[in-house]
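One point on numbering: in our numbering, the residue at position 74 of the sequence shown is 479, and numbering is uninterrupted.
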Amino acid sequence: MSSIPKIVLFGGTGFVGGQVLYTLLTGDFSLGEAEIVVITSSESKHRLIDSWASKLGCKLQGRSLSAATSDDLKLTKAINKGLISAQKSGKRGALIHLSGTQLIETLAGGNAEPKARQYDDSDRDAIVDISDEAAHRLIDLEIGHAIARGELPGAIVCPTLVWGQGQGPDLRISTQIPDLVKKALYNGHAVHVGAGTNSWTSVHVSEVSSLILLLSASLLSSSSSSGKASKQKAAGGEQLFESFYFASTPKLHLFKDLASVIGKTLHAQGLISSSQPKSLPCPPHNPNEKGVRIEDAARSEADEEQDKRTPIWPTRTNVDCIASRAEREVSWKPTKHLDEEGLAADVKFYVEQWRADGTLKQLQRA
């Protein structure tokens, strides 16, 4: 009798990880009966997930583990080692890693970059050529090489600007758009950096979750039990990032347009004094050391005030990517598109979340 498969989830209290957990417990992605083990960074988070899952009529296995972030190289190596060992002993497993498109962002400035590259995940050479200094890159390389060497089946999912209202146990909002809303509340009007002509593509959180689970089902299915990586190895060569997937819709969103909708929505609720967005200068940064930012160093009082007023780094850059592989390989085609109505609904959701947890007043400058 075959044993019940085990799904081990890191980041179950996070925005995307929580959505994956919710979808696992309430959706059907042909993963069948499975034991779900959620790894958390603390006992308190474990209890939080337990309580949330019980309300859904589910019981989870859980354990806490000291882990900083998804960019934890030591943890990544340990996970890879465990999966590789399991593969050698005849157990079937797969790894789905969540990266992010800051991998391919331009320098920060809040302006359009006419020479900015559009990345397509079907262009493997372009993905291989991404700088090793890019955000998330060392983790992606560690996992990508293990997959390419045939040591474990797996995939890297790289979402762009993620929007939507999460349904997980804890964090139900993302980063970039909520930060723009927080800065609008603090300034009394919506803001963008520079001309606000910088742009990103976007993807709904539920569709990132569905891609992760579709890839999981594909990798674990009997028809692909050997995994794409093993087939590559058998073919006689390492094909790095053959299992790299952007999660994105094709439309680019200018940050000044996002700020405009945020301004109208908050002003209509009486939360800011003006509906019109304004420009703020980009804080100083070193263009020769991507990822090493002056703003991350020791902070003066003036620096701290600037941080409170100015939208964060990934709202100042440009990202343009095309998700070709997922539709071709697992029939993933996102249908939810970030429009004015969807953005306004998200803004209202954030406000209600902050009002409920008592932080809304703190976000508004006295």
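No residue lacks a Cβ here, since even glycine has one placed at the ideal position from N, Cα and C.
Keep in mind the model is a prediction, meaning the values are calculated, not measured.
Here DSSP, grouped into helix, strand and coil, assigns phenylalanine 646 to coil. Threonine 670 counts as buried, since no fewer than 16 other beta carbons sit within 10 angstroms of its beta carbon. Tryptophan 457: member of the alpha helix (DSSP H) spanning 448–460, first to last residue. In this structure, DSSP gives aspartate 708 a helical state, which the three-state scheme calls helix. The Cβ-Cβ distance between alanine 513 and cysteine 687 falls below 9 Å.
For glutamate 757, the number of other beta carbons within 10 angstroms of its own is below 16, and it is reported as exposed. Sequence-distant partners of glutamine 507 (beyond 5 residues in either direction) whose C-beta falls short of 8 Å from its own C-beta, in its chain, are Ala539, Ala540, His541, Pro719, Thr722 and Val724. Note on geometry: alpha-carbon atoms of serine 527 and phenylalanine 415 lie some 27 Å from one another. Secondary structure of proline 558 (DSSP, three-state): coil.
Per DSSP, the continuous beta strand (DSSP E) segment holding isoleucine 441 begins and ends at 440–445. In chain order, Gly515, Leu685, Cys687, Pro716 and Arg721 place their CB closer than 6 Å to the CB of valine 598, counting only its own chain and leaving out the 5 sequence neighbours on each side. Here serine 621 is near isoleucine 412, since their CB atoms are less than 9 Å apart. DSSP lists His597 as the beta-bridge partner residues of serine 684. With a cutoff of 9 Å on beta-carbon distance, valine 608 and threonine 654 are scored as near each other. With a cut-off of 8 Å on Cβ pairs, the stretch 555–563 is not in contact with the stretch 443–450, counting fewer than three such pairs. Using a 10 angstroms sphere on the CB of glutamine 424, the tally of other CB atoms reaches 16 or more, which defines it as buried.
Residue state for proline 564 is assigned as strand, using DSSP reduced to three classes. Ranked by Cα distance from lysine 683, the first of Gly675, Ala664 and Trp457 is Ala664. Around the C-beta of aspartate 530, fewer than 16 other C-beta atoms lie within 10 Å, and the residue is accordingly described as exposed. When the Cα atoms are used, alanine 483 and leucine 500 turn out to be separated by approximately 12 Å. Here isoleucine 501 carries a strand assignment [DSSP, helix/strand/coil].
Within a 10 Å sphere around the beta-carbon of leucine 478 sit fewer than 16 other beta-carbons, which makes this residue exposed. Note on glutamine 681: under 16 other CB atoms within 10 angstroms of its CB, so exposed under the neighbour-count rule. Within a 10 Å sphere around the beta-carbon of histidine 742 sit fewer than 16 other beta-carbons, which makes this residue exposed.
Runs of the alpha helix (DSSP H) lying entirely within the stretch 482–548 and spanning at least 4 residues, in chain order: 529–533. In this structure, DSSP gives alanine 749 a helical state, which the three-state scheme calls helix. Between leucine 618 and arginine 714, the alpha-carbon positions lie close to 38 Å from each other. Ranked by how close their Cα comes to the Cα of threonine 431, the residues Ile409, Val735, Lys464 and Gly593 have Lys464 in first place. When Ile544, Val610 and Ile677 are compared, the shortest CA-CA separation from asparagine 592 is found for Ile677.
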